[in-house]
Amino acid sequence: MAEGQTTLAADSPNFMWPPHFGGAIFDFDGTISDTASLWEDIDRKFLAERNIPYSVEFPRTLSAMGFDQGAKYTVEHYHLNEDPKDIVNEWMRMSQSAYRTEAVLRPGVVPYLRALRSAHIPYALATTNASDLLDSMQRIPIRELFPIRVFGADVAHTKDHPDIYLEAAHRLNVAPDRCIVFEDLAVALRAANQAGCITCAIASGDPLQHVTEVQEIADVFLSDWKAIPVPKR
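So for the sequence shown, the numbering used here puts the first residue at 6; every next one is plus one.
Rendered as structure tokens:
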């Protein structure tokens, strides 16, 4: 969306099918999977063990960061006498336990991915999550669904910069301005706009999401993956 534009993006499932783009880039948490409640539990337990009151600003700040940068921020912000590497390992243990059995994809996501594949529209996953974490999931065959995956560790900056979207477009062999980025975070949508991509804000259902804000930033908006009129199989 052009800088300074504040028009709210309309709910536009018909933009997604037939595809008005040459490639698609998907975020994971909050976009194709509802993991907000998993992370709230993890954050609350993590902070409680350190006698730190839970604040919604904690997950909001960490949401666009990878584990490494998030751990460094946490140590500095809360003045913890801990090694960030130990915090990363703790988060990995906690999140793998939750993701392994509880993480699922939103209804409508898999049919849409299958439709894109049938239409020969290349697509990729772009996430700040660690590959080991997503590979641990029992209910989502992430490697099968997303042969092309870009992780936060693959690029120099987190999702407050356009790096991950540019890398994903490169791996898709599609120009960034022909790629659509599906994201639920305002900071990530802004970075995808900087990359020159088409942006679609996803209603995550997370009470921390400012829906109006992401609608103002994105080119289009999607409230429900099931609303995309893909062909019936």
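Here a beta-carbon is modelled for each residue, glycine too, at the ideal position from N, C-alpha and C.
{"Item": "Give every residue of the same chain whose Cβ lies closer than 6 Å to the Cβ of residue 31, excluding the five residues on either side of it in the sequence, and list them in chain order.", "Value": "37, 130, 187"}
{"Item": "Suppose you measure from the CA of residue 45 to the CA of residue 65; what does that come to, to the nearest Å?", "Value": "11 Å"}
{"Item": "Among 141, 74, 94, 73, which has the Cα closest to the Cα of residue 105?", "Value": "141"}
{"Item": "Please confirm whether residue 151 and residue 136 have their CB atoms less than 8 Å apart.", "Value": "no"}
{"Item": "Keeping to the same chain, check which residues put their C-beta closer than 6 Å to that of residue 7; ignore five residues upstream and five downstream.", "Value": "Confidence is the limiting factor: at residue 7 the pLDDT is only 48, short of 50, which leaves the residue's position unreliable and the question unanswerable from this model."}
{"Item": "Just the Cα atoms here: how many angstroms apart are residue 220 and residue 15?", "Value": "8 Å"}
{"Item": "Sorted by chain position, which residues of the same chain lie with C-beta nearer than 7 Å to residue 124's C-beta, five sequence neighbours on each side aside?", "Value": "24"}
{"Item": "Which runs of the beta strand (DSSP E) fall wholly inside the region 66-143 and span at least 3 residues, in chain order?", "Value": "128-132"}
{"Item": "Give me, in chain order, the residues of the same chain whose beta-carbon lies closer than 6 Å to that of residue 204; leave out the 5 immediate sequence neighbours on both sides.", "Value": "186, 194, 197, 198, 223, 224"}
{"Item": "So does the region 91-105 actually touch the region 44-60, counting three or more Cβ pairs closer than 8 Å?", "Value": "yes"}
{"Item": "What did DSSP end up calling residue 33 once you bin it into helix, strand or coil?", "Value": "coil"}
{"Item": "Going by beta carbon distance, what residues of the same chain come within less than 8 Å of residue 218, once the five residues before and after it are set aside?", "Value": "191"}
{"Item": "With residue 163 and residue 133 assumed to form a contact (beta carbons below 8 Å), what rounded beta-carbon distance in angstroms separates them?", "Value": "6 Å"}
{"Item": "Whose C-alpha, out of 59, 94, 114, is nearest the C-alpha of residue 71?", "Value": "94"}
{"Item": "List the endpoints of the continuous alpha helix (DSSP H) containing residue 235.", "Value": "Note, residue 235: premise wrong, no alpha helix (DSSP H); not H, not E."}
{"Item": "Considering only the alpha carbon of each residue, which of 13, 60, 69, 62 lies closest to residue 167?", "Value": "69"}
{"Item": "Out of 173, 19, 43, 109, state which residue places its alpha-carbon closest to the alpha-carbon of residue 144.", "Value": "109"}
{"Item": "Thinking C-beta only, is residue 180 closer than 8 Å to residue 174?", "Value": "yes"}
{"Item": "Considering only the alpha carbon of each residue, which of 21, 26, 17, 12 lies closest to residue 202?", "Value": "26"}
{"Item": "Would you mind working out which of 149, 115, 57, 147 sits nearest residue 237, comparing C-alpha positions?", "Value": "115"}
{"Item": "Residue 258 lies in the beta strand (DSSP E); which residues open and close that run?", "Value": "For the chain, the structure presents residues 6 to 238; residue 258 sits outside this window and is missing."}
{"Item": "According to DSSP, what are the bridge partners of residue 185?", "Value": "29, 203"}
{"Item": "So residue 113 packs on residue 230, CB below 8 Å; how close in whole Å?", "Value": "3 Å"}
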